[in-house]
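Since the structure comes first, as structure tokens, the remarks are kept for the end.
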Amino acid sequence: MTVDSERLQRRAHMAVFGAVLGGALAPLSAVPCMDCGGTARVYHHPRGYEADHQLDVEPLCRLCHRRRHPTPKREKRPSVAKLLRLPPALEARIAALAKREYRTFTAQVLVMLGRQLEVEEQRRDA
Ligand SMILES: [Zn+2]
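Residues 38 to 163 (this note's numbering) make up the sequence shown, in order.
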């Protein structure tokens, strides 16, 4: 977000805040979410933050607000196996174990690494 758009947004929020304090706009606690009827948490600016639309707001709950602002899909993170450069055979074995004993591949890898560290420490202490 640019400095200008941040400033516009801040001004719009201040305007809403002022309108609620002054009684021109109902406090969020007094209005339901416009989309689902749940507890409203934010005043959404469907027309943007320009001065003309500062007070064109709709009460929304957090979930519905998020739906109104779909975030672009994040780039998929590389898998733990790729990060660790595990050989495919080992990756497959861990994946099988993870399914059986632990919920995730990552958890299984961490447990394995933890066990390995313990073994090494014991060896060093001995
Ligand atoms: Zn809602």
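Glycine included, every Cβ here is placed at the ideal spot set by N, Cα and C.
Inter-residue CB distance, residue i and residue j (contact presumed, cutoff 8 angstroms)
i, j, result
"Q91", "R48", "7 angstroms"
"H102", "H81", "6 angstroms"
"L127", "Q145", "Contact flag wrong, Cβ pair sits at about 11 angstroms."
"P96", "A118", "That belief does not hold up - the Cβ atoms of P96 and A118 are roughly 46 angstroms apart, past 8 angstroms."
Per-residue burial, residue i [other beta carbons within 10 Å of its own, 16 or more giving buried]
i, result
"C73", "exposed"
"L62", "buried"
"V53", "buried"
"V156", "exposed"
"V94", "buried"
Three-state secondary structure (DSSP) of residue i
i, result
"V68", "coil"
"T141", "coil"
"Q91", "coil"
"A126", "helix"
"L163", "Before going further, note that residue 163 is Ala rather than Leu in the sequence given. If DSSP states are grouped into helix, strand and coil, A163 belongs with coil."
"A61", "coil"
Identity of the residues DSSP links to residue i by a beta bridge
i, result
"P96", "Y80"
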